Structure formats: C-alpha cells, structure tokens
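For the sequence shown, the numbering used here assigns the number 943 to the initial residue and increments by one for each residue that follows.
Even glycine gets a Cβ: it sits at the ideal position worked out from N, Cα and C.
Note that the coordinates shown come from a computational prediction; the quantities given were computed from them, not determined experimentally.
First comes the structure, then the notes that go with it.
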Amino acid sequence: MQPFADEQQLLCPYCGESVEVSVDPVGASTETYVEDCPVCCRPWVVHVSREGEDVTVYLGREDD
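If you want it as structure tokens, here you go:
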C-alpha cells in the first residue's frame, strides 16, 4: 500500500504566495528537484529531507 503524499504550506521564494507542496513521505533521505510555482510559474528548487517519519521541505530559487 502506497502512503499518502505529505502536503506542506510554504511560501514561494519568488512571489511570496502561500503554496501547497506535496512530497512522498517515503523515499531517499534527501532529494532535490525543480517544480514550477502554480501562481507565478517561476521554477523552485524543492529540497526534501526525510528522517524517520519526519519530512522537511524547503523551497529555493533556481537562480541562486
């Protein structure tokens, strides 16, 4: 059975709008991928780290 995605409210590093980011609670201990903001369409770099059941997500700017 596949676990449900973990949804977190974060702020877009470009436009500052509150956005919902869904990540799988199970996977590599760390991962990074690019996803576009649903509000301003600019690309974020999504950083995910997992430790046990804790999932931490933060967004960075692609142009940093």
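Exercise. In this structure, does DSSP put residue 963 in helix, strand or coil?
Worked result: Look at residue 963 here: in three-state DSSP terms it is strand.
Exercise. What residue range is occupied by the uninterrupted beta strand (DSSP E) comprising residue 1000?
Worked result: Segment 996-1003, the beta strand (DSSP E) holding residue 1000.
Exercise. In or out: residue 1003 buried (at least 16 other Cβ within 10 Å) or exposed?
Worked result: When all chains shown are included, residue 1003 counts as exposed.
For this session: Go ahead and pull the three-state DSSP assignment for residue 978.
Result: Strand.
For this session: For residue 974, decide whether its Cβ has a neighbour in chain D, counting only Cβ atoms nearer than 8 Å.
Result: Here chain D cannot be found, since the structure has a single protein chain.
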